[in-house]
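To keep things clear, I will list the structure first and then write my remarks on it.
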Amino acid sequence: DIECDLSKLRQEREELASYPFNITDEARFCINRRIREEQEAREFQVIEEHMNKKMAEKINKYREMILNRSRVANEKMEKRIARLCEQRSKGNSSQRSLM
Numbered sequence: 088d089i090e091c092d093l094s095k096l097r098q099e100r101e102e103l104a105s106y107p108f109n110i111t112d113e114a115r116f117c118i119n120r121r122i123r124e125e126q127e128a129r130e131f132q133v134i135e136e137h138m139n140k141k142m143a144e145k146i147n148k149y150r151e152m153i154l155n156r157s158r159v160a161n162e163k164m165e166k167r168i169a170r171l172c173e174q175r176s177k178g179n180s181s182q183r184s185l186m
């Protein structure tokens, strides 16, 4: 877990800072760099999670739009079929009345 690693690095930095001898600049630089890298990794993970959430929302939105279009198209087709059936039944009844 990134948060756990980050807290371990911070703890390591605090422990090293409390030692009675001076930490070399190079060691301090390495520790700070590792902390920065862990923070950047965490930030990237948060951004990635946010992007994935936004992408999922867009996909769901488009899926809903497609379903709505299909539903509307089906309703129109059903109405058209009903009208044609009605016209045909009227046509058949008018032909029977002529006979």
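Note that the sequence shown covers residues 88 to 186 in this note's numbering.
Virtual Cβ for every residue (Gly too), placed ideally from N, Cα, C.
Predicted model, so just to flag it, every value in this text is computed and none were measured.
With fewer than 16 other Cβ atoms inside 10 Å of its own Cβ, Glu130 counts as exposed. Within the model, the alpha-carbon separation for Asn139 versus Ser94 is close to 26 Å. Straight-line measurement puts the Cα of Glu99 at about 13 Å from the Cα of Phe116. Counting other Cβ atoms within 10 Å of its Cβ, Glu144 stays below 16 and is therefore classed as exposed. Nearest Cα to Ala104 within the set Arg150, Cys91, Ala169 and Asn119: Asn119. The beta carbon of Ala160 sits closer than 7 Å to none of the beta carbons in its chain outside the five residues before and after it. One alpha carbon belongs to Cys172, the other to Glu165, and they sit about 10 Å apart.
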